[in-house]
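According to our numbering, the residues represented by the sequence shown are 2 to 448, in order. Following: one structure in structure tokens, then a few remarks.
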Amino acid sequence: MALKITVIGTGYLGATHAAAMAELGFEVMGLDVVPEKIDKLRRGEVPMYEPGLEELLRRHVAGIEGSTGRLRFTMDWAELGEFGDVHFVCVNTPQRHGEYACDMSYVDSAIASLAPHLKGPALVVGKSTVPVGSADRLAAYLAEHAPAGADAELAWNPEFLREGFAVQDTLHPDRIVVGVRSERSEKLLREVYATPIEEGSPFVVTDFPTAELVKTSANSFLATKISFINAMAELCEATGGDVAKLAEAIGYDDRIGRKFLRAGIGFGGGCLPKDIRAFMARAGELGADQALTFLREIDSINMRQRGRMVELTRQELGGGPFLGKRVAVLGATFKPDSDDVRDSPALNVAGQIHLQGGQVTVYDPKGMDNARSLFPTLGYADSALEAVRGAHVVLHLTEWREFRELDPAELGEAAAERVVLDGRNALDAEAWRRAGWRFRAMGRPGA
Ligand code: UDX
Numbered sequence: 002m003a004l005k006i007t008v009i010g011t012g013y014l015g016a017t018h019a020a021a022m023a024e025l026g027f028e029v030m031g032l033d034v035v036p037e038k039i040d041k042l043r044r045g046e047v048p049m050y051e052p053g054l055e056e057l058l059r060r061h062v063a064g065i066e067g068s069t070g071r072l073r074f075t076m077d078w079a080e081l082g083e084f085g086d087v088h089f090v091c092v093n094t095p096q097r098h099g100e101y102a103c104d105m106s107y108v109d110s111a112i113a114s115l116a117p118h119l120k121g122p123a124l125v126v127g128k129s130t131v132p133v134g135s136a137d138r139l140a141a142y143l144a145e146h147a148p149a150g151a152d153a154e155l156a157w158n159p160e161f162l163r164e165g166f167a168v169q170d171t172l173h174p175d176r177i178v179v180g181v182r183s184e185r186s187e188k189l190l191r192e193v194y195a196t197p198i199e200e201g202s203p204f205v206v207t208d209f210p211t212a213e214l215v216k217t218s219a220n221s222f223l224a225t226k227i228s229f230i231n232a233m234a235e236l237c238e239a240t241g242g243d244v245a246k247l248a249e250a251i252g253y254d255d256r257i258g259r260k261f262l263r264a265g266i267g268f269g270g271g272c273l274p275k276d277i278r279a280f281m282a283r284a285g286e287l288g289a290d291q292a293l294t295f296l297r298e299i300d301s302i303n304m305r306q307r308g309r310m311v312e313l314t315r316q317e318l319g320g321g322p323f324l325g326k327r328v329a330v331l332g333a334t335f336k337p338d339s340d341d342v343r344d345s346p347a348l349n350v351a352g353q354i355h356l357q358g359g360q361v362t363v364y365d366p367k368g369m370d371n372a373r374s375l376f377p378t379l380g381y382a383d384s385a386l387e388a389v390r391g392a393h394v395v396l397h398l399t400e401w402r403e404f405r406e407l408d409p410a411e412l413g414e415a416a417a418e419r420v421v422l423d424g425r426n427a428l429d430a431e432a433w434r435r436a437g438w439r440f441r442a443m444g445r446p447g448a
């Protein structure tokens with residue numbers, strides 16, 4: 002009989018994982034504790050913007066015309082426990098308020114709610130990003146609290162999906178990492194991932210701590226790459242160099258590689274910033290804090306870029322206060338192809354300028370609702386052109402394709418001053434200059 006799969010938590014990770022499991026042919030049941038989310042998902046609506054996800058979901062959600070009916074949603078733990086052979090835990094682990102450490106309460110409460118309903122052999126698979134050592138603790142909890150006892154096993158299977166590419170990354174992962182304690186767990190997970198394994202995704206089998214560490218170290222490495230190039234951008238600013246050329250030139254070295262070397266206002270989102278902080282906090286608890294002190298510097302280089310963008314804007318406006326200055330901000334999300342504004346560098350810059358008296362008008366292709374609820378006091382426009390109308394300076398802060406395709410000449414007619422600052426090193430400087438704009442990008446003072 003085909004395996005039955007459940008997915009606990011239906012955010013970016015869980016909703017995508019549930020739909021992907023149905024696409025791979027499994028019967029799937031998703032659970033969330035937020036009734037509005039479940040209502041939406043049952044109608045085949047995705048609670049956030051993620052390219053391709055709604056189509057995938059609608060292809061499988063039971064009750065939708067023409068769907069396979071393989072994907073259902075519930076809020077009932079007993080039904081979920083009864084249904085599944087393999088239970089994926091996909092709830093979030095945000096940064097704890099006022100601390101670096103991560104908040105494990107959603108993971109803990111998911112496991113506590115599930116455990117009493119595991120009456121027969123079951124595999125619980127953690128996907129959430131957790132502090133190393135959590136899997137060990139949760140496995141012991143399950144063995145003690147599940148009626149199935151030792152037959153309720155745990156495995157750890159970190160998720161590497163990128164927002165904006167979540168569907169592709171889930172269906173065709175570049176690697177599958179599983180931390181397991183038994184052959185049975187490994188066999189079950191090989192069955193779950195049979196299709197991507199056949200397609201060639203490497204399947205790495207390891208222990209709990211390694212599986213947990215793979216995720217946090219991968220994100221730390223990515224954060225380090227970005228902060229490295231932003232540190233080089235600071236040096237380029239000081240010397241007249243061009244960080245985009247520098248990144249291209251060092252990137253031709255295969256050992257360095259070109260990816261994740263785009264200088265600008267830095268990284269944000271629901272993962273990289275909180276993951277490196279939680280990693281430092283955990284290392285401290287383990288008495289290994291020295292090993293990760295470099296991440297403190299990575300974090301501070303990153304946060305500094307937001308302030309540098311504010312100062313660059315001030316300089317371009319003549320160096321004084323922002324009072325009476327109209328600033329157009331293109332982009333609110335932490336990256337393109339997402340509606341996620343969590344710890345968004347773009348909104349942070351917009352907010353700082355607003356708090357210093359600037360009149361900021363923001364436009365984003367998908368992040369407007371989320372931005373408005375986080376920063377209701379900023380001005381918002383319905384299009385890039387409207388945001389730019391009457392502006393003394395235009396800031397490009399999230400590299401949406403829509404912004405690269407803007408017509409600088411048309412925008413120039415609407416702006417009060419033709420000054421544009423590229424905080425993502427993604428616009429075509431020449432095209433803007435040809436249209437009469439003064440163009441300035443971070444880390445490229447002379448370019
Ligand atoms: C990240 C990891 O990439 C993913 O593997 C993990 O599972 C979750 O965290 P995500 O948060 O979706 O994914 O974003 P990512 O594409 O990594 O970008 C993070 C931030 O870095 C964005 O704000 C982006 O704008 C910024 N970035 C990225 C740069 O500033 N420069 C770059 O060269 C690349």
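Here a beta-carbon is modelled for each residue, glycine too, at the ideal position from N, C-alpha and C. Model, not experiment: these values are computed from the prediction.
- Taking 3 residues as the shortest admissible run, the segment 315-382 contains the following complete beta strand (DSSP E) segments, listed from N- to C-terminal end: 327-331, 360-364.
- Comparing alpha-carbon positions, the option among 61, 73, 91, 222 lying closest to residue 157 turns out to be 91.
- Rounded to the nearest angstrom, the gap between the Cα atoms of residue 327 and residue 78 is 52 Å.
- Within the model, the alpha-carbon separation for residue 384 versus residue 407 is close to 11 Å.
- DSSP places residue 406 outside both helix and strand once states are collapsed to three, so it counts as coil.
- In the three-state reduction of the DSSP assignment, residue 191 falls in the helix class.
- Boundaries for residue 63: no beta strand (DSSP E) harbours it, and the DSSP string shows neither H nor E there.
- Beyond the five residues adjoining it in sequence on each side, residue 430 comes within less than 7 Å, by CB distance, of 440, 442, 448 in the same chain, given in chain order.
- Taking a contact to require three or more Cβ pairs closer than 8 Å, the segment 30-43 and the segment 5-15 qualify as touching.
- Taking each of 18, 203, 63 in turn and checking the Cα distance to residue 40, the smallest one comes out for 63.
- Residue pairing by DSSP puts residue 207 in a beta bridge opposite 180.
- Only residues of its own chain outside the window of five on either side were considered, and among them 23, 26, 27, 28, 29, 61, 63 have a CB closer than 8 Å to the CB of residue 71, listed in chain order.
- CA-to-CA, the gap between residue 397 and residue 257 works out to about 27 Å.
- Comparing alpha carbon positions, the residue from 267, 275, 124 closest to residue 183 is 124.
- DSSP places residue 112 inside the alpha helix (DSSP H), whose first and last residues are 106-115.
- Taking one beta carbon from each stretch, the segment 338-348 and the segment 263-273 have 3 or more pairs nearer than 8 Å; the two touch.
- In the displayed model, residue 98 falls within coil according to three-state DSSP, outside both helix and strand.
- With contacts defined as CB atoms closer than 8 Å, residue 363 and residue 333 qualify as a contacting pair.
- A direct Cα-Cα distance of roughly 8 Å separates residue 102 from residue 132.
- Listed as beta-bridge partners of residue 423 by DSSP are 397, 442.
- In this structure residue 415 is in contact with residue 390, their Cβ atoms being roughly 4 Å apart against a cut-off of 8 Å.
- Under the three-state reduction of DSSP output, residue 103 falls in the strand class.
- Here the distance from the Cβ of residue 336 to the nearest heavy atom of ligand 1 is below 7 Å.
- Secondary structure note for residue 173: it is in no alpha helix (DSSP H), with a DSSP letter that is neither H nor E.
- Sequence-distant partners of residue 111 (beyond 5 residues in either direction) whose C-beta falls short of 6 Å from its own C-beta, in its chain, are 9, 90, 92.
- Taking C-beta atoms as the reference points, residue 358 and residue 324 count as a pair closer than 8 Å.
- Taking the Cβ of residue 346 as the reference point, at least one heavy atom of ligand 1 falls within a distance shorter than 7 Å.
- Listed in chain order, the beta strand (DSSP E) runs fully inside the segment 39-90 are 72-75, 87-90, counting runs of at least 3 residues.
- Going by DSSP, residue 120 is part of no alpha helix (DSSP H) at all; its letter is neither H nor E.
- Distance from residue 228 to residue 303 at the Cβ level is roughly 5 Å; contact confirmed, criterion being Cβ atoms closer than 8 Å.
- Listed as beta-bridge partners of residue 227 by DSSP are no residues whatsoever.
- Taking 8 Å as the cut-off, the Cβ atoms of residue 261 and residue 226 count as close.
- In this structure, residue 403 has its beta carbon at no less than 7 Å from each heavy atom of ligand 1.
- Closest option to residue 426, judged by alpha-carbon separation, among 444, 412, 432, 433: 444.
- The C-beta distance from residue 144 to residue 136 rounds to 13 Å, too long to meet the 8 Å contact threshold.
- By the neighbour-count criterion, in which 16 or more other beta carbons inside 10 Å mark a residue as buried, residue 98 falls on the exposed side.
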